[in-house]
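Have a look at the structure below before the remarks.
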Amino acid sequence: MNVYAEVVFPLPVSRTFSYRLPAALRDKARVGARVAAPFGRRQLTGFIVHVGLTRPAGPSELKDIVDILDDPPHFTPRFLAFTRLLSRYHYSSWGELLQAALPPSIAARPQALISLTAAGRQSAAAGVLAGAEKALAELLMDKAYSRVYVKRRLKAKDISALLARMVNKGLVETRDRAPRTGKTRTDTEEKKVRGGRQLPLDFSFSPGAQAAAGKILDRLRQQAFSLSFLQGSAPDREAVYFRLIRTVMAGGGRTLLLVPEISLSAALIGRLEQKLGERAAVLHSRQTENQKEAEWRKIQSGKAAVVVGPRSALFAPVRDLRLMIVDEEQDGSFIQSENPVFDARQGALFRAKAEKAAVLLGSATPSVGWFHRARSEGFLVTVEGSSPPAKARVVDMARERGLLSRELEEAIRDRLARREQVLVFLNRKGYSSALVCPRCRYIPKCARCDIALTYHKREDKLLCRYCGYETPALVRCPRCGEKFRGGREPGVEALEEEVRRKFPAGRVACFDTEVTARRRERTKVLDEAGQGRIDILLGTQLLVHQTGLPPATLVGILTPDALLGLADYRAAQKAYQGLTLMMRRGGENGAEVIIQTALPDHYSIREAARGDYPAFFEQEIKFRRLLDYPPFSCLAEVFFSGGDLRRLAAAARIFANQIKTAGKSIRVYGPALAPVAMLRGLRRVQVTLRARRTETMMKVLNHTLPEVRVKKPVFLFD
DNA sequence: AGCACGCCGACT
DNA sequence: GTCGGCGTGCTC
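In terms of this note's numbering, the first sequence is residues 32 to 749.
Here is the structure:
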């Protein structure tokens, strides 16, 4: 009797592969286990997703599984079900998602070291080698190096052919590096945090929060999948979260809490750790390998009752998962747009369905799509405001000259006189968004991307914000020889110049990527501001995401209004949310907030300034309904990128035609040049699709995409 | 992804 | 003439 296994690999291939299971491995082979299997000429680590007796369709001769790598399998069937759905939803690779879900200790694939064999050494010494072979042999003469290093040193694009040839000739060999020994400091670390364990779980509950928690608890108790949306202020939401977490804990269940970015939720996490001690586990990208490993073990052993982390924590191996909370649901960081593409909110839904757990999305300013769904499908729970939202004054820039309005300037003067601090946000790096020749209008552009180079005056260079290309700033226009003066839309460096000019006595600091490339300098600027040694702190988006902003009493927000002109149906939502975040971050201590804009009447700016989410939502949803944008339809953007535009266009046309023939339920727009028509030297073409229902879109895409041979990340919006 | 095959330009 | 560049296709 033959037994077969279906295996997926961490490759950008959305297929399973069938293998025979040799008799010796049958007992150990279970769904969810990692396996070693021959794949082409190499051997890869994959994941068993199915074991069965019927011979699957496939090539006439199936290969054998070589080894089973873990005995209790690494993934539960429920976990597999959830990741499968998620990968299908985003048209990304199942195996890559599973790879992303492995703990750091085994996820780190051992790096192969390349070294010379004795024969290789001899040949090199005898001087019989030439060209690339000679260069490689000389490099490896006294030391073995990793593949990436060799590639960089040889300045080669692809060394696989070279390596294969030399391995065949017996000149070099590759050997796996010893895997990391998973040494952790788990025990000592646990003792350190044990202090908080016995603290009573005391929560101050507003009546509104109490009522909200009650409604969600009713759903939670059913021990089945349920979905709730909690709209309320941060303290109210937190109170509800803790109440639910406590209930789940009491029933022996566990909670997974996803947050946008650790630094934005530092306070929440602090209180969680304080209240739960060692029963809380925290994951984030700043942790060292060892710290991650320790937290991972705590989660896997079941010791942690609550796990907090960013989008990657979606895959944490939480057992008896009863509740999944996504806080600040509207935040863009829940979407991972590279490698395995996924949306952690959607992922939370899939995982909760598979685990029969409850999902709670929370926000004060929800994303339009989820809020609409929550309201129309009856899973919205609103905490009636116990704390009023932040408010701001709007200044119309139409009659102003320079970057600072008279009103903001006046307010700054006032704070300086009172020795109070000021924060000013301008979300544009550098001195200006581009250089423009005053005579012939020539604009220096990046050679590899379809975008103007930003001008950085302080470092006197031009920078591409897509690919990082930089070059010394041009003095004269290469086309007509005229001298460059200034540029286009001013950035934070220009703001700094103006502020210093207008307030020569003020102590000014600028927090942006260029100056603060090194972390030390960043913390130094923040420290100084915190100690009151800086009067006016200027910064970009980067500053918004810092913890420990100084206690300013005045916040200026200079809006880059170009954002609202973008051909993106989410532009208004982005503007609203960006403003709200800056208002909240800067105005945490009741500071006065002034928003400067050229579009004072745009509803996203007006309502953000008033802190009136419902008013913003009503206008935005009207617009979406009128133009048939999500959530009233499902949009998909399919990107084609490559070196040759003609070939791309051809592939995109074929794809578009296939969708058209597949049925009339999907509207096709394009192919057209993508908004960023060239990126890192690759041309980009996009096709946009619109369907009434997400299911239709997924069905058609899953049917059509495998037949198109181009790299094709897909973004679904519904 | 990685590896092989196959087809064109510039060097011993 | 070949070496080595990249485009194309496949991996159970």
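Cβ atoms here follow ideal geometry from the backbone N, Cα and C, with glycine treated the same way.
Report the rounded CA-to-CA distance for Phe106 versus Ala64, giving the unit in angstroms.
Within the first sequence, the letter at position 75 stands for residue 106. Within the first sequence, the letter at position 33 stands for residue 64. Cα to Cα, Phe106 sits roughly 7 Å from Ala64.
Give me the Cβ distance between Ala465 and Leu434, rounded to the nearest whole Å; I'm assuming they're in contact under 8 Å.
On the first sequence, residue 465 is found 434 positions in, with the first residue counted as 1. On the first sequence, residue 434 is found 403 positions in, with the first residue counted as 1. Contact flag wrong, Cβ pair sits at about 17 Å.
Taking the alpha carbon of Thr205 as the reference point, which residue from Gln153, Leu307 and Leu144 has its own alpha carbon closest?
The residue labelled residue 205 in the question sits at position 174 within the first sequence. Of the candidates Gln153, Leu307 and Leu144, the one whose C-alpha sits nearest the C-alpha of Thr205 is Leu144.
Are Glu309 and Lys323 close, meaning C-beta to C-beta below 9 Å?
By 1-based counting over the first sequence, the position of residue 309 is 278. By 1-based counting over the first sequence, the position of residue 323 is 292. Cβ distance not < 9 Å, so Glu309 and Lys323 don't count as in contact.
Alpha helix (DSSP H) segments (min. 4 residues) lying fully within the region 148-203
Counting whole runs of 4 or more residues, the region 148-203 contains the alpha helix (DSSP H) stretches 149-157, 162-170, 178-185 and 191-199.
Let me check understanding here. Comparing Cα to Cα, which of Pro662, Ala629, Leu380 and Ala311 lies closest to Trp401?
Here residue 401 refers to the residue found at position 370 when the first sequence is read from its first residue. Considering only alpha carbons, the answer is Pro662.
Residue from Lys200, Pro591, His576 and Ala265 whose Cα sits closest to the Cα of Gly363
Position 332 of the first sequence, counted from the start, is the residue given in the question as residue 363. Nearest option by C-alpha distance: His576.
Assign His734 to buried or exposed, taking buried as 16 or more other Cβ atoms, counted over all protein chains shown, within 10 Å of its Cβ.
Looking up residue 734 in the first sequence gives position 703. Exposed is the label assigned to His734, since fewer than 16 other Cβ atoms lie within 10 Å of its Cβ.
Could you give the C-beta distance for Leu100 and Val62, rounded to a whole number, given that I count them as a contact under 8 Å?
Taking the first sequence and counting its residues from 1, one reaches residue 100 at position 69. Taking the first sequence and counting its residues from 1, one reaches residue 62 at position 31. By a beta-carbon distance limit of 8 Å, Leu100 does not contact Val62. Their separation comes to about 14 Å.
Per-residue burial, Pro475 [other beta carbons within 10 Å of its own, 16 or more giving buried]:
Walking along the first sequence from the start, residue 475 turns up at place 444. Pro475 should be labelled buried.
Secondary structure of Met32, DSSP reduced to three states:
Position 1 of the first sequence, counted from the start, is the residue given in the question as residue 32. In this structure, DSSP gives Met32 a state outside helix and strand, which the three-state scheme calls coil.
Using a Cβ-Cβ cutoff of less than 7 Å, which residues in the same chain neighbour Pro4 once the five nearest sequence positions on both sides are dropped?
With the chain covering only 32 through 749, there is no way to say anything about residue 4.
Measure the alpha-carbon distance for Ala155 versus Val44 and round it to whole angstroms.
The residue labelled residue 155 in the question sits at position 124 within the first sequence. The residue labelled residue 44 in the question sits at position 13 within the first sequence. A straight line joining the alpha-carbon of Ala155 with that of Val44 spans about 40 Å.
Just to check my reading of the structure: Phe365 and Arg376 have Cβ atoms closer than 8 Å, yes? What is that Cβ distance to the nearest angstrom?
For the purposes of this step, residue 365 is taken as the residue at position 334 of the first sequence. For the purposes of this step, residue 376 is taken as the residue at position 345 of the first sequence. Yes, they are in contact, since the Cβ atoms of Phe365 and Arg376 sit about 5 Å apart, within 8 Å.
My output table needs one value for His356: the three-state DSSP class, helix, strand or coil.
Taking the first sequence and counting its residues from 1, the one referred to as residue 356 is at position 325. Looking at the sequence provided, one finds Ile at residue 356 rather than His. When DSSP states are grouped into helix, strand and coil, Ile356 belongs to the strand group.
Lys492 - DSSP class collapsed to helix/strand/coil:
For the purposes of this step, residue 492 is taken as residue 461 along the first sequence, with counting starting at 1. Three-state result, Lys492: strand.
Report buried or exposed for Lys306, applying the criterion of at least 16 other Cβ atoms within 10 angstroms of its Cβ.
Residue 306 sits at position 275 when you count from the first residue of the first sequence. Around the Cβ of Lys306, a 10 Å sphere holds 16 or more other Cβ atoms; the residue is buried.
Bridge partners - Ile697, DSSP secondary structure assignment
In the first sequence, residue 697 corresponds to position 666, counting from 1. Residue pairing for Ile697: DSSP places it in a beta bridge opposite Ala722.
Going by the beta-carbon positions, is the gap between Asp445 and Thr628 smaller than 9 Å?
Within the first sequence, the letter at position 414 stands for residue 445. Within the first sequence, the letter at position 597 stands for residue 628. Their beta carbons are not under 9 Å apart, which means Asp445 does not touch Thr628 by this criterion.
Give me the Cβ distance between Pro397 and Gln262, rounded to the nearest whole Å; I'm assuming they're in contact under 8 Å.
Numbered from 1 along the first sequence, position 366 holds the residue referred to as residue 397. Numbered from 1 along the first sequence, position 231 holds the residue referred to as residue 262. At roughly 6 Å, the Cβ-Cβ gap stays under 8 Å, so Pro397 and Gln262 are in contact.
Just to confirm my understanding: we take Val467, look at its own chain, exclude 5 residues before and 5 after, and list those with CB closer than 7 Å. What are they?
Here residue 467 refers to the residue found at position 436 of the first sequence. Excluding five sequence positions before and after Val467, the CB atoms of its chain that fall closer than 7 Å to its own CB belong to Ile474, Gly518 and Arg519, given in chain order.
With H, G and I counted as helix, E and B as strand and the rest as coil, what does DSSP make of Lys59?
On the first sequence, residue 59 is found 28 positions in, with the first residue counted as 1. Lys59 falls in the coil class under three-state DSSP.
Quick one: residues in its chain with C-beta nearer than 8 Å to the C-beta of Leu84, no 5 flanking neighbours on either side, listed in chain order?
If you number the first sequence from 1, residue 84 lands on position 53. The answer, listed in chain order, is Met32, Asn33, Val34 and Tyr35.
Thinking Tyr634 and Phe647 are a contact (beta carbons under 8 Å), I'd like their distance in whole angstroms, please.
The sequence position of residue 634 within the first sequence is 603, counting from 1. The sequence position of residue 647 within the first sequence is 616, counting from 1. Contact holds; Cβ gap of about 6 Å.
Less than 9 Å between the C-beta atoms of Ala311 and Val338, yes or no?
Here the question's residue 311 lines up with position 280 in the first sequence. Here the question's residue 338 lines up with position 307 in the first sequence. Their beta carbons are under 9 Å apart, which means Ala311 touches Val338 by this criterion.
Give every residue of the same chain whose Cβ lies closer than 6 Å to the Cβ of Thr413, excluding the five residues on either side of it in the sequence, and list them in chain order.
Position 382 of the first sequence, counted from the start, is the residue given in the question as residue 413. These residues qualify, in order along the chain: Gln262.
To the nearest angstrom, how far is it from the Cα of Ser49 to the Cα of Leu128?
The sequence position of residue 49 within the first sequence is 18, counting from 1. The sequence position of residue 128 within the first sequence is 97, counting from 1. Distance between the alpha carbons of Ser49 and Leu128: 19 Å.
Own chain partners of Cys495 with C-beta closer than 6 Å, once the 5 adjacent residues on each side are dropped:
Taking the first sequence and counting its residues from 1, the one referred to as residue 495 is at position 464. For Cys495, where only same-chain residues beyond five positions count, the Cβ hits under 6 Å are Cys477, Cys480 and Leu484.
Could you check how far apart the C-beta atoms of Arg538 and Asp566 are, in whole angstroms? I think they sit under 8 Å.
Residue mapping note: residue 538 aligns to position 507 of the first sequence, counting from 1. Residue mapping note: residue 566 aligns to position 535 of the first sequence, counting from 1. The pair is a contact, with the Cβ atoms about 5 Å apart (cut-off 8 Å).
In whole angstroms, what separates the C-alpha of Arg430 from that of Arg437?
Within the first sequence, the letter at position 399 stands for residue 430. Within the first sequence, the letter at position 406 stands for residue 437. Rounded to whole angstroms, Arg430 to Arg437 spans 10 Å at the Cα level.
Let me know if Thr692 comes out buried or exposed under the rule of 16 or more other beta-carbons within 10 Å of its beta-carbon.
Here the question's residue 692 lines up with position 661 in the first sequence. Exposed, since its Cβ has fewer than 16 Cβ neighbours within 10 Å.
Val179 classed as buried or exposed, judged by whether at least 16 other C-beta atoms fall within 10 angstroms
Locating residue 179 in the first sequence gives position 148, where the first residue counts as 1. Around the beta-carbon of Val179, fewer than 16 other beta-carbon atoms lie within 10 Å, marking it exposed.
Sequence-distant residues of its chain with Cβ nearer than 8 Å to Leu232 (five each side left out)
Along the first sequence, one-based indexing puts residue 232 at 201. Caution applies to Leu232, whose pLDDT of 46 falls short of 50 and renders its modelled position unreliable; the value that the coordinates give is listed next. Here Leu232 has Phe273, Arg277 and Lys306 as same chain residues with Cβ atoms under 8 Å from its own Cβ, once five neighbours each way along the sequence are excluded.
Simplified DSSP assignment, three categories, for Glu326:
Working through the first sequence from its first residue, we reach residue 326 at position 295. Glu326 carries a helical assignment under DSSP once its states are collapsed to helix, strand and coil.
Comparing alpha-carbon positions, which option in Phe78, Pro419 and Ala270 lies nearest Asp358?
Along the first sequence, read from residue 1 onward, the residue named residue 358 stands at position 327. Comparing Cα-Cα distances from Asp358 to each of Phe78, Pro419 and Ala270, the minimum goes to Ala270.
According to DSSP, residues forming a beta bridge with Tyr486
Sequence index remark: in the first sequence, residue 486 carries index 455 (1-based). According to DSSP, Tyr486 bridges with Ser463 and Leu493.
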